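A quick write-up on the structure given underneath.
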Amino acid sequence: MYSGIAVSKGIGIGVAKVLKSEQDPAGYSDTKIERQLKLTAPGAVLVMTELTPYLAGVLKNMSVSAVVCETGGATSHSALLVKAMGIPAVYGAEGVTEGIADGDTVIVDGINGFVYEKPAPDQIREFSSRKKDYQKDQERLVRFRSMKTEMACGTECKIFCNVSDHLGVLKMLDNGGEGVGLYRTEHLFLQSDHIPTEEEQLRTYSTIVKAMDDRPIVIRTLDIGGDKAVPGNYFSFEKEENPFLGYRGVRFSLGNRKIFSAQLRALLRASAYGNVSIMIPMVSCIEEMREVKSLIYEICGELRDEGHEYDEDIKIGTMIETPSAAAISDMLIHECDFFSVGSNDLVQYTMAADRGNRNVAYLHSVNQPSVLRLIRSVIKNANDAGKPVSVCGEAASDPMIIPVLAGFGLRYFSVDPLLVPETRRCLSEWRLDEAQKLAEDVVGLSTAADVREYIKVAMRKKSQQ
Ligand code: PEP
Ligand code: MG
Numbered sequence: 005m006y007s008g009i010a011v012s013k014g015i016g017i018g019v020a021k022v023l024k025s026e027q028d029p030a031g032y033s034d035t036k037i038e039r040q041l042k043l044t045a046p047g048a049v050l051v052m053t054e055l056t057p058y059l060a061g062v063l064k065n066m067s068v069s070a071v072v073c074e075t076g077g078a079t080s081h082s083a084l085l086v087k088a089m090g091i092p093a094v095y096g097a098e099g100v101t102e103g104i105a106d107g108d109t110v111i112v113d114g115i116n117g118f119v120y121e122k123p124a125p126d127q128i129r130e131f132s133s134r135k136k137d138y139q140k141d142q143e144r145l146v147r148f149r150s151m152k153t154e155m156a157c158g159t160e161c162k163i164f165c166n167v168s169d170h171l172g173v174l175k176m177l178d179n180g181g182e183g184v185g186l187y188r189t190e191h192l193f194l195q196s197d198h199i200p201t202e203e204e205q206l207r208t209y210s211t212i213v214k215a216m217d218d219r220p221i222v223i224r225t226l227d228i229g230g231d232k233a234v235p236g237n238y239f240s241f242e243k244e245e246n247p248f249l250g251y252r253g254v255r256f257s258l259g260n261r262k263i264f265s266a267q268l269r270a271l272l273r274a275s276a277y278g279n280v281s282i283m284i285p286m287v288s289c290i291e292e293m294r295e296v297k298s299l300i301y302e303i304c305g306e307l308r309d310e311g312h313e314y315d316e317d318i319k320i321g322t323m324i325e326t327p328s329a330a331a332i333s334d335m336l337i338h339e340c341d342f343f344s345v346g347s348n349d350l351v352q353y354t355m356a357a358d359r360g361n362r363n364v365a366y367l368h369s370v371n372q373p374s375v376l377r378l379i380r381s382v383i384k385n386a387n388d389a390g391k392p393v394s395v396c397g398e399a400a401s402d403p404m405i406i407p408v409l410a411g412f413g414l415r416y417f418s419v420d421p422l423l424v425p426e427t428r429r430c431l432s433e434w435r436l437d438e439a440q441k442l443a444e445d446v447v448g449l450s451t452a453a454d455v456r457e458y459i460k461v462a463m464r465k466k467s468q469q
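One rule links them: number in my numbering = place in the sequence shown (from 1) + 4.
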């Protein structure tokens with residue numbers, strides 16, 4: 005048995021396909037693994053050294069039962085992609101590529117983070133029955149797809165979705181999402197062998213915006229860098245010692261004006277087809293937001309002169325992903341139309357713990373008092389300024405944190421499309437006064453473990469009422 009980090013819920017049972025990455029001087033070789041992946045039989049359990057975001061994209065066209073990786077954390081970008089595909093997954097399971105061989109039967113428990121190799125027949129029976137229970141609960145959740153989002157006292161909330169392509173929008177509509185709170189545009193760039201042109205981007209964005217049928221969609225500008233490197237090096241990234249602290253998000257965009265302007269032009273032109281907002285990733289100071297806005301205004305002028313249509317009232321907001329942005333959120337909010345808290349990165353940067361590194365995964369928790377305090381102040385500062393604030397990191401769909409966020413004053417949650425019903429059910433179980441009391445109590449606690457335990461007890465009491 006191997007223990008790891010539960011990344012994507014569900015239980016997978018299948019035959020192992022082991023894919024070991026060898027490190028070459030330029031990093032792991034995705035192309036070699038990609039070739040092997042494409043030859044993998046349907047229904048296999050992938051046992052891998054590492055699944056990069058690029059390789060996770062390859063899984064879209066395959067049908068695998070589960071994924072197990074030696075490396076990675078629960079909010080690494082590849083984990084988010086695997087979760088969005090509904091594939092059960094466990095990351096950070098040390099030794100699996102050595103201990104498991106091609107053809108071994110494997111059970112992957114993505115709910116608790118365990119992997120069982122060569123299970124006995126009674127173990128297979130037990131997990132098949134757990135898998136059925138999980139599926140039954142998923143069926144019970146179906147009715148929440150079409151319900152209004154409200155807390156037990158009637159307080160209204162909204163559940164938006166995090167998507168990265170047109171399929172994500174269709175899943176959002178299927179699962180009862182009320183809009184897109186985060187459209188990650190980097191996948192368009194990651195899956196291309198050249199920098200997508202303005203016209204190519206316009207085609208993609210406008211198709212998605214039209215599919216939204218006037219529902220709100222927040223499109224995030226390119227958040228490349230960090231663990232989202234581009235294969236084929238068409239961006240020719242300089243090798244960085246600390247990629248997560250380096251040239252990513254808005255820093256890359258402001259330093260590559262041609263690429264940024266082409267994306268902004270395409271986004272603005274797509275805004276003529278629906279209810280689009282633009283969101284900027286990785287902002288850490290006010291100057292960045294001012295520079296972005298002045299570029300957007302300049303481009304608006306160009307588009308007007310060229311006779312292109314765009315939404316003149318388009319809203320421009322920022323992700324709150326750095327402790328710096330959170331610390332100045334009372335001032336930053338005046339430069340923005342809205343905030344969205346990227347809790348995955350906010351935890352990473354607040355705790356100085358790489359979100360993809362299994363050795364520091366124990367620090368990577370939104371329950372950390374420092375993180376909770378930052379999130380509380382960001383929500384308060386946006387609410388005080390009368391501007392919308394959402395959370396679009398994984399915390400927004402964590403049933404243990406949802407009531408705390410609601411208690412802090414959050415009303416907009418942006419989650420993976422598959423998690424809309426569960427998030428809505430969770431909100432429906434709490435009254436606002438209960439959530440406020442819980443939120444007030446947990447910010448007074450001094451450790452993440454105390455916070456987790458306190459919420460667990462509160463939830464247990466609630467389920468016994
Ligand atoms: C986040 O950091 O929480 C977020 C939503 O952005 P991403 O996961 O794409 O970095
Ligand atoms: Mg982020």
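Quick reminder that beta carbons are idealized off the backbone N, C-alpha and C, glycines included. This structure is a prediction, so every number in the text was calculated from the model and none was measured.
C-alpha of isoleucine 459 to C-alpha of phenylalanine 256: approximately 39 Å in a straight line. The shortest CA-to-CA distance from glutamate 204 to any of Ile263, Leu174 and Pro220 is the one to Ile263. By the criterion of at least three beta-carbon pairs nearer than 8 Å, the region 108-123 is not in contact with the region 149-168. In the three-state scheme derived from DSSP, where H, G and I count as helix and E and B as strand, isoleucine 37 is classed as helix. Phenylalanine 131 is not bridged by DSSP to any residue. A Cβ-Cβ separation of about 10 Å leaves valine 19 out of contact with valine 51 under the 8 Å criterion. Isoleucine 263 carries a helical assignment under DSSP once its states are collapsed to helix, strand and coil. Counting along the chain, glutamate 121 sits inside the beta strand (DSSP E) bounded by residues 118-121.
Secondary structure remark: continuous alpha helix (DSSP H) runs of at least 4 residues inside the region 347-424, in chain order: 347-354, 373-388 and 406-412. Judged by their CB atoms, valine 68 and valine 49 are nearer to each other than the 9 Å cut-off. Secondary structure at phenylalanine 343: strand, using DSSP grouped into helix, strand and coil. The residues Ile383 and Asn387, in chain order, have a CB closer than 6 Å to that of glycine 413 in the same chain once the five nearest residues on each side in sequence are set aside. For ligand 2, the residues with a Cβ under 5 Å from any of its heavy atoms are, in chain order, Glu325, Gly346 and Asp349.
Rounded to the nearest whole angstrom, the C-alpha separation of lysine 87 and glutamate 26 is 25 Å.
With a cutoff of 8 Å, aspartate 227 counts as near ligand 1, since its C-beta is closer than that to a heavy atom of the ligand.
The beta-carbon separation of leucine 268 and isoleucine 228, rounded to 15 Å, does not stay under the 8 Å limit for a contact.
Excluding five sequence positions before and after aspartate 34, the CB atoms of its chain that fall closer than 8 Å to its own CB belong to Thr56, Tyr58, Leu59 and Pro235, given in chain order. Boundaries of the alpha helix (DSSP H) around tyrosine 58: 57-62. The closest heavy atom of ligand 1 lies 8 Å or more from the beta carbon of cysteine 165. For serine 82, the three-state secondary structure derived from DSSP is helix. Checking the 8 Å criterion, the Cβ of proline 421 is out of range of every heavy atom belonging to ligand 1. In the structure shown, asparagine 246 falls within a coil segment according to DSSP collapsed to helix, strand and coil. Aspartate 178 and alanine 97 have their C-alpha atoms some 33 Å from each other.
For threonine 79, the shortest C-beta to heavy atom distance toward ligand 1 is below 8 Å. Around asparagine 348, the same chain offers Thr79, Arg359, Gly397 and Glu398 as residues with beta carbons nearer than 7 Å, after the five sequence neighbours per side are excluded.
Annotation: the continuous beta strand (DSSP E) that includes serine 281 extends over 279-284. Cysteine 289 sits in coil when the DSSP states are folded into three classes, being neither helix nor strand. Under the DSSP assignment, leucine 192 falls outside any beta strand (DSSP E), being part of the alpha helix (DSSP H) whose first and last residues are 190-194. The distance from the Cβ of threonine 189 to that of arginine 224 is about 6 Å, consistent with a contact at the 8 Å cut-off. Annotated as proximal: histidine 198 and tyrosine 238, with beta-carbon spacing under 9 Å. Here proline 392 really is in contact with tyrosine 416; their C-beta atoms are around 6 Å apart, less than 8 Å. With a threshold of 8 Å, the Cβ atom of cysteine 396 counts as near ligand 1, since some heavy atom of the ligand is closer than that. Here histidine 368 has Gly77, Ala78, Thr79, Val351, Gln352, Met355, Ala357 and Arg359 as same chain residues with Cβ atoms under 8 Å from its own Cβ, once five neighbours each way along the sequence are excluded. When distances are taken from the beta-carbon of arginine 255 to the heavy atoms of ligand 1, even the shortest one reaches 8 Å or more.
The nearest non-hydrogen atom of ligand 1 is less than 8 Å from the C-beta of proline 285.
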